[in-house]
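Line by line, the protein sequences are chains A and B. Sequential numbering of the first sequence, starting at 0, is according to numbering that gives the first Met the number 0. Sequential numbering of the second sequence, starting at 0, is according to numbering that gives the first Met the number 0. As structure tokens, the structure follows; a few thoughts come after it.
2 protein chains.
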Amino acid sequence: MAKLDAAGFLIDLDGTVFRGQELIDGATEAIHTLQSLGKAVVFLSNRGNLSRAMCQKKLLGAGIRTDERSIVLSSSVTASFLKKHYPLSKVWVLGEKGLTDELALAGVTMAPKPQAADWLVISLHETVTYEDLNLAFQAASSGARIIATNRDRSFPNEGGHAMDVAGMIGAIEASAGVKTELVVGKPSWLMAEAACEALGLSPGECAIIGDSLESDIAMGRLYGMKSVLVLTGSAKLGETRLYEPDIVLDSMKDLTELAKGGILL
Amino acid sequence: MAKLDAAGFLIDLDGTVFRGQELIDGATEAIHTLQSLGKAVVFLSNRGNLSRAMCQKKLLGAGIRTDERSIVLSSSVTASFLKKHYPLSKVWVLGEKGLTDELALAGVTMAPKPQAADWLVISLHETVTYEDLNLAFQAASSGARIIATNRDRSFPNEGGHAMDVAGMIGAIEASAGVKTELVVGKPSWLMAEAACEALGLSPGECAIIGDSLESDIAMGRLYGMKSVLVLTGSAKLGETRLYEPDIVLDSMKDLTELAKGGILL
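Set out below in structure tokens:
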């Protein structure tokens, strides 16, 4: 097995560290191993409904200590992007508190009503109602441009898979007859650059560990990072792969054992 | 102005007779005029969230007396279609009581859980929640074929326009990565044939009155009915028209006046 010659690790959360609220066996130990080996670690997730503060708390609950600067979420990257490139824009949100927290933290201005929005930000909304969808429809119908935190179709949870933000986007696009302009989440350059910046490393010095071929492994291949696929989430063994990972592991647990044996790292 | 030489009239409801709960001025009188002239009248609507019984009650509240056999809804036509052509199928519903009432009335079997559904029936759901969407996503992801009562993008209401069933369809198609197989609502042959059967007339003997170029006027042109566009709903004066109506009226009110003057009918 090839050695993973990386100074920094980008670690996906859903399907890699967590499955829903549940911690995946061995994930905490693997992260401790990386940290004890002096590797820089950032956590990154396409979950746009969480803030970094929420995420930090969830990781702490799993025995993983980290600071907010080492957490890169599609919510926080969306907020930074809007503040940096569209500082005068007003936004309407179809999403949850974690996203609005990050937008507020970045200083993004909220539109007082959907019709006044320059941008509609769409994210996963696990308590969405018809009224929420309809207000977002009003924004999109009135000319708001659409930025989505991600476009994942489903996410793994305790019961199998659940509808992800693609459902929210699909509802708005199909009813308002518009298209999403920008998708922030992995495998985008926005997420790759934000993660590398947090690590202070170039992509070639990094490895990404994740369960999704379409987002994690794709991002690794597209930006020249090494990539490790774990089979605890969406990808299945023997699946056709558009992007080949460098290494496939059953789970994060294997990372610890291989590292201890001096085989992997 | 051309005379409307028709024995039977198909009258659209939303945007033609009603705007949300509100009755459009002159609609009741126009329908009474048609009835007093001995014209056969059916009411037809793409609203899949209503049952014929609900619709009959709503019409009665507006002073329009009719029987259930003279009401043709995408909900009731969907129910008849499934019962007739897929009598052994089990269905899961993303929709409201009006639709489940019609399915029960037709004797369609409900699936005990989404994963057991042969068909997923999608309709307008004005109180939809994430849980409803997610259960429908489970059905579609597990192989249920999709039939939609209609695919209207928006419907006129008191406040302007609101998200219609295209939003619900978009959410499921985009997240489950599937396509809708059959759309029942106007301008389909299913609705045209159900309306003509209710009238006991051939399409050439009928005229359709409606506010939508894409559903009402299209159906008239596609099946050889005469067509009357009213400007009280979605179509605007001067809009580019893929399907030309035979007659354009400001509202149903004009129908009464023209009929009284012997000009129109």
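For every residue, glycine included, the Cβ atom is placed at its ideal position computed from N, Cα and C. Note that the structure is predicted; figures quoted are calculated from it, not measured.
Pairwise C-alpha distance: Pro244 (chain A) and Ser226 (chain A): In this model, Ser226 (chain A) and Pro244 (chain A) are separated by some 5 Å (Cα to Cα).
Reduced DSSP secondary structure (H/G/I, E/B, other) of Ile30 (chain A): In the structure shown, Ile30 (chain A) falls within a helical segment according to DSSP collapsed to helix, strand and coil.
Contact set between Ala161 (chain A) and chain E, taken where Cβ atoms lie within less than 7 Å: This model lacks chain E altogether, as its protein chains are A and B.
For Asn156 (chain A), three-class secondary structure by DSSP: DSSP, read as helix, strand or coil, puts Asn156 (chain A) in strand.
Alpha helix (DSSP H) segments (min. 4 residues) lying fully within the region 195-222 of chain A: Counting only runs of 4 or more, we get 217-222.
Sub-8 Å separation of Ser50 (chain A) and Glu101 (chain A) beta-carbons: With contacts defined as CB atoms closer than 8 Å, Ser50 (chain A) and Glu101 (chain A) qualify as a contacting pair.
Closer than 8 Å to chain B by CB, Ile30 (chain A): Residue-level contact by beta carbon fails for Ile30 (chain A) and chain B, as no gap is shorter than 8 Å.
Every unbroken alpha helix (DSSP H) inside the region 94-132 of chain A [4 residues or more]: Runs of the alpha helix (DSSP H) inside the region 94-132 of chain A: 96-105.
For Ser140 (chain A), the nearest candidate out of A:Pro155, A:Val177, A:Thr126 (CA to CA): Among A:Pro155, A:Val177, A:Thr126, the Cα nearest to that of Ser140 (chain A) is on A:Val177.
Interface flag, Val182 (chain A) vs chain B, CB-CB below 8 Å: At a cut-off of 8 Å between C-beta atoms, Val182 (chain A) does not count as an interface residue with respect to chain B.
Inter-stretch contact at 8 Å, needing at least 3 Cβ pairs: the region 109-117 of chain B / the region 5-19 of chain B: They do not touch, by the three-pair rule.
Anticipated Cβ contact below 8 Å, Ser214 (chain B) with Val229 (chain B), distance rounded: Actually they do not touch by this definition, with Cβ atoms about 13 Å apart.
Own chain, CB closer than 8 Å to Trp118 (chain A), minus 5 neighbours either side, in chain order: Hits under 8 Å: Leu81, Tyr85, Ser88, Lys89, Val90, Trp91, Ala143, Arg144, Ile145, Ile146.
Min CB distance Val127 (chain B) to chain A below 8 Å: Closer than 8 Å: yes.
Cβ-based neighbour list, Glu238 (chain B), same chain, cut-off 8 Å, excluding 5 preceding and 5 following: Spatial neighbours of Glu238 (chain B) in its own chain (CB-CB distance under 8 Å, excluding positions within 5 residues in sequence) are listed in chain order as Leu212.
Chain B contacts made by the region 11-41 of chain A, where a contact means CB separation under 9 Å: Within the region 11-41 of chain A, no residue places its CB atom closer than 9 Å to a CB of chain B.
CA-to-CA distance, Ala173 (chain A) to Leu132 (chain A), given in whole angstroms: Spanning the alpha carbons of Leu132 (chain A) and Ala173 (chain A) requires a straight line of approximately 12 Å.
Same chain, Cβ closer than 8 Å to Lys259 (chain B), neighbours up to 5 away in sequence not counted: Thr32, listed in sequence order.
Interface flag, Arg240 (chain B) vs chain A, CB-CB below 8 Å: For Arg240 (chain B), the answer is no, since every Cβ of chain A falls outside 8 Å of its Cβ.
Partners in chain B for Gly169 (chain A), counting only beta-carbon separations shorter than 9 Å: Per Cβ cutoff of 9 Å: Gly166, Ile168, Gly169, Ala170, Ile171, Glu172, Ala173, Ser174.
For Asn48 (chain A), the nearest candidate out of A:Leu59, A:Gly62, A:Ser75 (CA to CA): Looking at the Cα atoms, A:Ser75 is the closest of the given residues.
8 Å Cβ cutoff, Arg152 (chain A) in contact with chain B: Yes, because at least one Cβ of chain B sits closer than 8 Å to the Cβ of Arg152 (chain A).
Chain B contact for Ser140 (chain A) (CB, 8 Å cutoff): So yes, Ser140 (chain A) belongs to the interface.
Gly166 (chain B) vs Ala170 (chain A) beta-carbon contact at 8 Å: Yes, the pair counts as a contact, with Cβ atoms nearer than the cut-off.
Short CB-CB distance (under 8 Å) between Phe136 (chain A) and chain B: Chain B, which has a Cβ nearer than 8 Å to the Cβ of Phe136 (chain A), makes this yes.
Rounded C-alpha distance that separates Ala197 (chain B) from Asp11 (chain B): Ala197 (chain B) and Asp11 (chain B): Cα-Cα distance of roughly 15 Å.
Selection from A:Met53, A:Asn156, A:Ser233, A:Asp163 that minimises the alpha carbon distance to Gly19 (chain A): The residue with the shortest Cα to Cα distance from Gly19 (chain A) is A:Asn156.
Arg51 (chain B), DSSP secondary structure in three states: Three-state DSSP puts Arg51 (chain B) in a helix.
Nearest-angstrom Cβ-Cβ length linking Glu28 (chain A) and Thr255 (chain A), presumed shorter than 8 Å: Contact between Glu28 (chain A) and Thr255 (chain A) holds: CB atoms are separated by about 5 Å, below the 8 Å threshold.
Enclosing alpha helix (DSSP H) for Leu43 (chain B) [first to last residue]: Per DSSP, Leu43 (chain B) is not a residue of any alpha helix (DSSP H); the beta strand (DSSP E) it occupies stretches across 39-44.
Interface flag, His124 (chain A) vs chain B, CB-CB below 8 Å: Closer than 8 Å: yes.
Cutoff 6 Å; reference Leu181 (chain A); Cβ partners in own chain excluding five residues on either side: Answer for Leu181 (chain A): Ile146, listed in chain order.
As assigned by DSSP and simplified to three states, the class of Ile168 (chain A): Looking at Ile168 (chain A) - three-state DSSP - the assignment turns out to be helix.
Per-residue burial, Glu67 (chain B) [other beta carbons within 10 Å of its own, 16 or more giving buried]: Counting the other Cβ atoms within 10 Å of the Cβ of Glu67 (chain B) gives fewer than 16, which makes it exposed.
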